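Trainee: Numbering (my numbering), first residue to last: 1262 to 1459.
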């Protein structure tokens, strides 16, 4: 398997861009010129790099929890730990020079394709990528995560008045807004290539 940890270490060491070129109501970030933006909702964007779709999702629940509760940050697990081929943690400095802990998880889809997940700060990035491109995709995810900032007040005004927030429903609503009439979520993230999870 490719050395994703080395790619992550290299991305951590790069100088962070302090400017912002994408401003949304709840968050903003710097999008490098080689990465495109296909679509977005209030809490997410689908980006593209090397013809690979990357889902960037704001974790609203973590923003609210950090504001109202004294809680330690825990990583969400999209998959049972036994299903992951690889998981590792790291740290980077964001554009405000604040240390952010992140976790990378890898699930093998086929012999040459993986699902790559990065959780860092208030964001989760997911991509189904060819193994050969995975180091570049991970570096792009980390580069964007390092420049991402959240407008906590806007998040609280938009979401904290509700009695409860269902994170899974929020994610599904995002896909309902842009998903085609047929297919699966994995098909959409993978750019239409048929994907089967063992």
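Don't be surprised by glycine CBs; every beta carbon is placed ideally from N, CA and C. Note that the structure is a prediction, hence the values are computed from the model and not measured.
Can you tell me whether residue 1309 is helix, strand or coil according to DSSP?
Mentor: Taking the chain shown and counting its residues from 1, the one referred to as residue 1309 is at position 48. Three-state result, residue 1309: strand.
Trainee: May I have a chain-ordered list of the alpha helix (DSSP H) segments no shorter than 4 residues that lie completely inside the region 1370-1402?
Mentor: Segments of the alpha helix (DSSP H) lying fully in the region 1370-1402: there are none.
Trainee: Over the uninterrupted beta strand (DSSP E) stretch that includes residue 1348, give me the two end residues.
Mentor: The sequence position of residue 1348 within the chain shown is 87, counting from 1. Start and end: 1347-1354.
Trainee: Can you check DSSP and say which residues form a bridge with residue 1410?
Mentor: Position 149 of the chain shown, counted from the start, is the residue given in the question as residue 1410. In the DSSP output, where bridge partners are listed per residue, residue 1410 has 1289.
Trainee: What are the partner residues of residue 1318, as DSSP defines its beta bridges?
Mentor: For the purposes of this step, residue 1318 is taken as the residue at position 57 of the chain shown. The partner list for residue 1318 (beta bridge, DSSP) reads 1305 and 1385.
Trainee: Does DSSP put residue 1363 in a helix, a strand or coil?
Mentor: As a working note, residue 1363 is residue 102 in the chain shown. Strand.
Trainee: Name the DSSP beta bridge partners of residue 1419, please?
Mentor: Working through the chain shown from its first residue, we reach residue 1419 at position 158. Per DSSP, none; premise fails for residue 1419.
Trainee: Can the beta-carbon of residue 1488 be found closer than 9 Å to that of residue 1411?
Mentor: No answer is possible for residue 1488: the residues shown for the chain start at 1262 and end at 1459.
Trainee: What span of residues does the alpha helix (DSSP H) with residue 1268 cover, start to end?
Mentor: Mapped onto the chain shown, residue 1268 falls at position 7. Start and end: 1265-1274.
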